[in-house]
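Worksheet: one structure, shown below.
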């Protein structure tokens, strides 16, 4: 009986710390959740004379994938994005983050191009508006132009099936 | 003439120094979102460099310190503030250690007090048994 209270405190602490260990301190939910997506007023990678036309995306659910040719996980992610977006009919747009357009275009030719279009964010200012912490990151944006989900790190088959696709289906 | 030229040169430099100090202070208050245990001022990460540049640009535009913090908070969440703000959701965070210390002190005081007053006084029956044992110390060791 004497040890009941310390034991209870110990167990409570152990459970709390144990749960804390399960959480990924890097996986912060985006501050933009359910907020309007920031404006992407950037030229297109495919044609620098054209601007990324965000307004025309209203009414459809789309993914914004932040990528760069210097980012190794992005190289692995590109072919998967090609496959999944085609299979599940989810349009993917790119934000080419702090990259050189020639290298970016070269990578898309080699690894595959999943993007309907890519906006060039040469100085990373648009990325900052999205609060990105690293590359790659993927945002789900709904028909009203609001951010509904953010995934940190590369998209794998698992991430697509269990995280991105359910959100896309739910907001469609 | 030379003095005037010198003054003209010195003035913007001084204004810059003020901005620079504010920039440094703000950078020390914001968290680098990549290397999370470092402030923007300490971090060498490219994103921290971008953040310092953004702080400087906004200060140069005449924005207040609070505006700059709000700018980053809107993008990265309140996590970006190296010192957590005082809000209902952070009350436990701020008060928890003090609550724990005071609870510990209260417990310590209670325990010490109990120890000082000692056990309850013996009843007459108990006293007689004790006296019995004391009179026959050799029998005590028997089972």
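Residue numbers (our numbering), protein chains in the order written: chain A, 1199 to 1370; chain B, 832 to 974. By construction, the Cβ of each residue, glycine as well, lies at the ideal position given by its N, Cα and C atoms. Bear in mind the structure is a predicted one, so any value in this text is a computation, not a measurement.
Around the Cβ of residue 1324 of chain A, a 10 Å sphere holds 16 or more other Cβ atoms; the residue is buried. Take residue 1365 of chain A, set aside five residues on each side of it, and the residues of its chain with a beta-carbon closer than 8 angstroms to its own are 1338, 1346, 1347, in chain order. The C-beta of residue 1340 of chain A has 16 or more other C-beta atoms within 10 Å across all chains shown, which makes the residue buried. Taking CB atoms only, residue 1298 of chain A has no neighbour in chain B less than 8 angstroms away. For residue 1231 of chain A, same chain residues with a beta-carbon under 7 angstroms away, outside a window of 5 residues either side, are 1345 in chain order. Ranked by how close their Cα comes to the Cα of residue 892 of chain B, the residues B:875, B:941, B:907, B:850 have B:850 in first place. Contact annotation for residue 1326 of chain A against chain B: 881, 885, 906 [CB-CB distance below 7 angstroms, chain order].
Residues of chain B with a Cβ closer than 9 angstroms to the Cβ of residue 1329 of chain A are, in chain order, 864, 903, 905, 906, 907, 908, 911. Proximity of residue 1257 of chain A to chain B, defined by a Cβ-Cβ separation below 8 angstroms, is not satisfied. With a beta-carbon spacing of about 6 angstroms, residue 855 of chain B and residue 872 of chain B fall inside the 8 angstroms limit used to define contacts.
For residue 1322 of chain A, the nearest beta carbon of chain B is closer than 8 angstroms to its own beta carbon. Taking 8 angstroms as the threshold, the shortest C-beta distance from residue 1332 of chain A to chain B falls below it. About 5 angstroms separates the beta carbons of residue 1292 of chain A and residue 1263 of chain A, which is inside the 8 angstroms limit, making them a contact pair.
Burial state of residue 906 of chain B is buried, judged by a 10 Å Cβ sphere holding 16 or more other Cβ atoms. Here residue 1260 of chain A carries a strand assignment [DSSP, helix/strand/coil]. The C-beta separation of residue 1305 of chain A from residue 1267 of chain A comes to about 4 angstroms, placing the pair in contact by the 8 angstroms criterion.
By the Cβ neighbour-count rule, residue 1319 of chain A is buried, with 16 or more other Cβ atoms within 10 Å of its own.
With a cutoff of 8 angstroms on beta-carbon distance, residue 1271 of chain A and residue 1334 of chain A are scored as near each other. Shown here, residue 1340 of chain A sits in coil according to DSSP, grouped into three states, outside any helix or strand. Following the DSSP letters along the chain, one finds residue 1215 of chain A inside the alpha helix (DSSP H) bounded by residues 1202-1220.
In this chain, residue 1247 of chain A is not harboured by any beta strand (DSSP E), its DSSP state being neither H nor E.
The alpha helix (DSSP H) runs lying completely inside the region 876-900 of chain B and spanning 4 residues or more are 877-891, given in chain order. For residue 1318 of chain A, the uninterrupted beta strand (DSSP E) segment begins and ends at 1313-1319.
Put simply, of A:1238, A:1314, A:1361, A:1353 the residue whose alpha carbon is nearest the alpha carbon of residue 1274 of chain A is A:1353. Taking C-alpha positions only, residue 883 of chain B is separated from residue 1332 of chain A by approximately 17 angstroms. Under the three-state reduction of DSSP, residue 1346 of chain A is assigned to strand. Burial state of residue 1238 of chain A is buried, judged by a 10 Å Cβ sphere holding 16 or more other Cβ atoms. The bridge partners DSSP lists for residue 1290 of chain A are A:1261, A:1313.
Of all alpha-carbon atoms in A:1308, A:1277, A:1369, the one lying nearest the alpha-carbon of residue 1355 of chain A is that of A:1277.
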